[in-house]
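Here is the structure we will look at.
Protein chains: 2
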Amino acid sequence: MNATIETLLNHRSIRSFKDTRLNQEQIDTLVAAAQQASTSSYMMAYSIIGVTDEDKKAELADITGQNYVKENGHLFIFCADLYRTTIKADKKQYEEMLANLENSEHFLVSAIDAALAAQNAAIAAESMGLGICYIGSIRNQMARVDELLSLPKHVIPLFGMVVGEPAQKPEQKPRLPKEAVYFENEYSRYEEELDTFNETIAAYYRSRSNNNRQDSWTDQMLRRFQTPMRMDVTEIVQNKGFNKR
Amino acid sequence: MNATIETLLNHRSIRSFKDTRLNQEQIDTLVAAAQQASTSSYMMAYSIIGVTDEDKKAELADITGQNYVKENGHLFIFCADLYRTTIKADKKQYEEMLANLENSEHFLVSAIDAALAAQNAAIAAESMGLGICYIGSIRNQMARVDELLSLPKHVIPLFGMVVGEPAQKPEQKPRLPKEAVYFENEYSRYEEELDTFNETIAAYYRSRSNNNRQDSWTDQMLRRFQTPMRMDVTEIVQNKGFNKR
C-alpha cells in the first residue's frame, strides 16, 4: 500500500484543533491541490473563500452550532460558481446563457466541481499531517452565509471545511460493507449486508469511548429523514440563479 | 512536497488506455478509498456501479460519444443514492421521509457525497500509476443510463469515471490564477487576472501539439453556455424522486 492510499484509508474527521494557524505556504498548497482536480468541461465552476476574520468565524460557528468552525487552523468555504463564466458576456449573451446557468444540469456540474476540488484539498491537508472536517451545516442559514461572504449572483456557498493540527484522534467510523455500495453492471439487493452493518454499527455505538448509545444506521437515517430539514435551500439557490428550470 | 501532493498536482485526464483490465485487488482498493471519504452526516448517499458488460460499455460509449468509455481498464458509474435510507422504512415512515428525499438540500448532499467518494477513487488510482477521466456525458441520456443500470427510485447516475493504464501523457491544462478562485473573507473582483488567464489559454491552445486553435477561456464558456444543454436532466431527476421541492 502506497503512502497516498494509506492517507485515504486513514481518514477520520477532526473536530478539535491545536491553536496554530495554517501558514500562507500551507494554504497555497491546499488551494493549488484543489485547483488541479478534474473539472467538468473546463468550467472550474467553484470558488473558495478562506475565512480569517474573527467576527465572521464567530458568526459562522453560531450558524453551524459547531465551535470548531471558530477554533481551527483555517476555515474554507467552498462555493458553486457560475458567475465567472458570465463576466465577459454582454446583455444579449448573458440572456442566452440563462437557460444553462439556471438549469439542474449546471447546478449539478458546479456542486460536483466544488466537491472534487474540496476533496483534493482535504487529501493534501491529511497528507501533511493536518486534520479536516467538512461543514455542511453552513446550509442551516445559507442566505446569511451568502451575504456574509458577499457572493455575487450565480455563486452560492455549499459547504465549509476546517483544517488544522489535530488535537484528537477519534476512532474511525465504520463504512457500509462494499456489497451495499459497489455493484457490477446493475444495482443489486443488499438487505442482508445492511442487517450485518446495522449490527456492526450498534456495537460501534455501544462501545465507543465518547457519546456511546443504542442505535443502528438505518434507525439513525429513518429518524433523520423524518424531520424536514433545510427546506429553504431550494428558494435560496433559486434566488441566486441556480436550479430554477 | 510529499508523494500525495505530487500525485494531486500531477493530475491530467487520460483518454487513451492500454488494453489491460484492472484486477479485483485494484478495484477493491479504489472502492475502499472511495468509501473512506467524508460523508454528510454519515448518509453515505451514493452508490458505484462497475460496468464490465461489453454491450453496456458499447452503449455507454455511444451515449457519451467517447470511445474510451468502452476501451479502458475499468468503468465506474457514480450515483446519488438516497434509496438506501428508505429500505427499512414502513409506508408511513417513507411518506414522512419524502420531504427530505425530494428537496434540493438532499439532492446537493447526495451529489457532493458521490463526488467526494469519486475523487478519493481518482486519487487512489493515480497514486497507483493509473490514469482516470471523469465522464459527465453520461448525462446526455441520463434516463437511458438509469435504465441500463437498473437503478431504483431515489438513485440516479451522476457521472462516470474511466480508469486504466495510460497510453498517453497529455500536457497539463492550465488552471485559473489563484486570485480568480481563492478569496479572503469575501468575494473579490478579478477581471485583470481573468484577462491574463485568457492570454495564457490562448497561448496554450495555439501551441499545444494536438487540436491547436484560436480561443480563450471566457470565449469558450460564452459559446458553451449559449446553447441550452441537457435541459431534460431536471425532469429525469424529478421522476426519480430528486430535487422536486
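In order, the protein sequence lines correspond to chains A and B. Start counting the first sequence at 1; every next residue gets the next number (the UniProt record's numbering). Start counting the second sequence at 1; every next residue gets the next number (the UniProt record's numbering). The C-beta atom is built at its ideal place from N, Cα and C for all residues, glycine as well.
- For a Cβ distance threshold of 8 Å, residue set 181, 182 and 183 of chain B lies close to residue 48 (chain A), ordered along the chain.
- Here DSSP, grouped into helix, strand and coil, assigns residue 37 (chain A) to coil.
- Within its own chain, the residues whose Cβ lies closer than 7 Å to the Cβ of residue 67 (chain A), once the five positions on either side in sequence are excluded, are 61, listed in chain order.
- If you ignore the 5 residues before and after residue 13 (chain A), its C-beta comes within less than 6 Å of the C-beta of 133, all in its own chain and listed in chain order.
- Buried is the label assigned to residue 157 (chain B), since at least 16 other Cβ atoms lie within 10 Å of its Cβ.
- For the region 231 to 242 of chain A, the beta-carbon criterion of a distance under 7 Å to any beta-carbon of chain B is satisfied by 231, 233, 234 and 237.
- When DSSP states are grouped into helix, strand and coil, residue 155 (chain B) belongs to the strand group.
- Under the 9 Å criterion on CB atoms, residue 28 (chain B) is classed as interfacial with respect to chain A.
- For residue 134 (chain B), no alpha helix (DSSP H) encloses it; the enclosing beta strand (DSSP E) starts and ends at 131 to 135.
- Around residue 131 (chain A), the same chain offers 14 and 166 as residues with beta carbons nearer than 6 Å, after the five sequence neighbours per side are excluded.
- Close to residue 155 (chain B), with beta-carbon spacing below 9 Å, are these residues of chain A in chain order: 187.
- In terms of CA proximity to residue 233 (chain B), B:244 leads the group B:244, B:226, B:223 and B:224.
- Residue 17 (chain A) sits away from residue 78 (chain A), with the two beta carbons spaced by 9 Å or more.
- Under the three-state reduction of DSSP, residue 31 (chain B) is assigned to helix.
- Nearest to residue 37 (chain A) by alpha-carbon distance, out of B:106, B:238 and B:173, is B:173.
- When Cβ pairs closer than 8 Å are counted between the two stretches, the region 107 to 123 of chain A is seen not to touch the region 179 to 191 of chain A, the count staying below three.
- Residue A:8 holds the alpha-carbon nearest to the alpha-carbon of residue 32 (chain B) among A:210, A:142, A:8 and A:120.
- At a beta-carbon threshold of 7 Å, the residues of chain A lying near residue 36 (chain B) are 8, 9, 11 and 175, ordered along the chain.
- Residue 57 (chain B) places its beta carbon less than 9 Å from that of residue 70 (chain B).
- By the C-beta density criterion, residue 240 (chain B) is buried, having at least 16 other C-beta atoms within 10 angstroms.
- The beta carbons of residue 242 (chain A) and residue 163 (chain A) sit no closer together than 9 Å.
- Residues of the region 49 to 68 of chain B with a C-beta less than 7 Å from any C-beta of chain A: 49, 50, 51, 52, 53 and 56, listed in chain order.
- The beta-carbon distance between residue 237 (chain B) and residue 104 (chain A), rounded to whole angstroms, is 6 Å. This is short enough to meet the 8 Å contact definition.
- Nearest CB-CB separation between residue 138 (chain B) and chain A: not below the 9 Å threshold.
- In the three-state scheme derived from DSSP, where H, G and I count as helix and E and B as strand, residue 161 (chain A) is classed as strand.
- Within the same chain, and ignoring the five residues on either side of residue 19 (chain A) in sequence, no residue has its Cβ closer than 6 Å to its Cβ.
- The C-beta of residue 203 (chain B) has fewer than 16 other C-beta atoms within 10 Å across all chains shown, which makes the residue exposed.
- Burial check for residue 39 (chain A): the Cβ neighbour count within 10 Å reaches 16 or more, so the residue is buried.
- Contact of residue 17 (chain A) with chain B by beta-carbon distance below 8 Å is absent, the smallest such distance being about 16 Å.
- Counting along the chain, the unbroken alpha helix (DSSP H) around residue 123 (chain A) starts and ends at 104 to 127.
- Counting only the Cα atoms, residue 153 (chain B) lies some 30 Å from residue 98 (chain A).
- Per DSSP, residue 176 (chain A) is not a residue of any beta strand (DSSP E), being assigned neither H nor E.
- Contact of residue 85 (chain B) with chain A by beta-carbon distance below 7 Å involves 221 and 225.
- Distance from the CA atom of residue 82 (chain B) to the CA atom of residue 45 (chain B), rounded to whole angstroms, is 6 Å.
- Nearest CB-CB separation between residue 96 (chain A) and chain B: below the 9 Å threshold.
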